[in-house]
Amino acid sequence: MRALYAIEDAHSLLVSIEDSEGGVVCDRKNIQLYKMGEGFISEPLALEVGEYRLTEFLVLDDQEQVIFATPIEGSEKAYLVDDPLPIEFSVSKDVVTTVTPEVLDTEEAIPEDFGYGGFSFEVVETFVFLVSVFVETQTGMELTEAQLTVTSGVEVLYSGSLGAETNAIE
36 MRALYAIEDA HSLLVSIEDS EGGVVCDRKN IQLYKMGEGF ISEPLALEVG EYRLTEFLVL
96 DDQEQVIFAT PIEGSEKAYL VDDPLPIEFS VSKDVVTTVT PEVLDTEEAI PEDFGYGGFS
156 FEVVETFVFL VSVFVETQTG MELTEAQLTV TSGVEVLYSG SLGAETNAIE
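So for the sequence shown, my numbering puts the first residue at 36; every next one is plus one.
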């Protein structure tokens, strides 16, 4: 199967880094990528001298979709790379540190395949109905204010005030 994404589509990174005590230094920090010849460079990330762990590494396209990811150790896809996350690295004074994680295409994958927490959601279909309340007067029917309560068994689904107009209820 041919990969849907190409490395040329890379636009930015989301990275998470912890210090040696497990304290969060960067939490999904967005880092811009710049094309340079056949590769990329990123904007610099300033860290204090010390020991660190790269805990998340996601490559985004210009639509902010994750197109590549480094799997986390123990995940379903971790065996596909030599060094799954977390990746330990050191920062020394006056030395540029380069960390180069291996990434996998995320086509047809879910976050859990890579060991990342994911969530899904369900769109609830709703509808709007219009309601007006009239009171009979000597001259005919007249709009009036009212209270509306909609129930299903003992559960109250909606309760609210209605104005002397046509009210849209969702």
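For each residue, glycine too, the CB sits at the ideal point set by N, CA and C.
>> Please classify Gly150 as buried or exposed, where buried requires at least 16 other C-beta atoms within 10 Å of its C-beta.
In response: Sequence index remark: in the sequence shown, residue 150 carries index 115 (1-based). Per the 10 Å Cβ criterion, buried.
> Hey, Pro121 and Ala113: beta-carbon distance below 8 angstroms or not?
Replying inline: In the sequence shown, the residue the question calls residue 121 occupies position 86. In the sequence shown, the residue the question calls residue 113 occupies position 78. No.
> When burial is assigned at 16 or more other CB atoms within 10 Å of the CB, is Pro106 buried or exposed?
Replying inline: Reading the sequence shown from its first residue, position 71 is the one you call residue 106. Taking a 10 Å sphere around the C-beta of Pro106, we find 16 or more other C-beta atoms and assign the residue as buried.
> According to DSSP, is Met62 helix, strand or coil?
Replying inline: Against the sequence shown, residue 62 aligns to sequence position 27. The residue asked about is misnamed: residue 62 is Asp in this sequence, not Met. Note: Asp62 maps to strand in three-state DSSP.
>> Whole angstroms are fine: how far does the CA of Val60 sit from the CA of Gly85?
In response: The residue labelled residue 85 in the question sits at position 50 within the sequence shown. The residue labelled residue 60 in the question sits at position 25 within the sequence shown. Gly85 and Val60 have their C-alpha atoms some 12 angstroms from each other.
> Which same chain residues, not among the five before or five after Arg37, have their C-beta less than 8 angstroms away from its C-beta?
Replying inline: Along the sequence shown, one-based indexing puts residue 37 at 2. Legend: pLDDT at Arg37 = 43, less than 50; position of this residue unreliable, value from coordinates given subsequently. Excluding positions up to five away in sequence, the list is empty.
> Can you name the start and end residues of the beta strand (DSSP E) that Glu53 belongs to?
Replying inline: Position 18 of the sequence shown, counted from the first residue, corresponds to residue 53. Bounds of the beta strand (DSSP E) holding Glu53 are Ser47 to Asp54.
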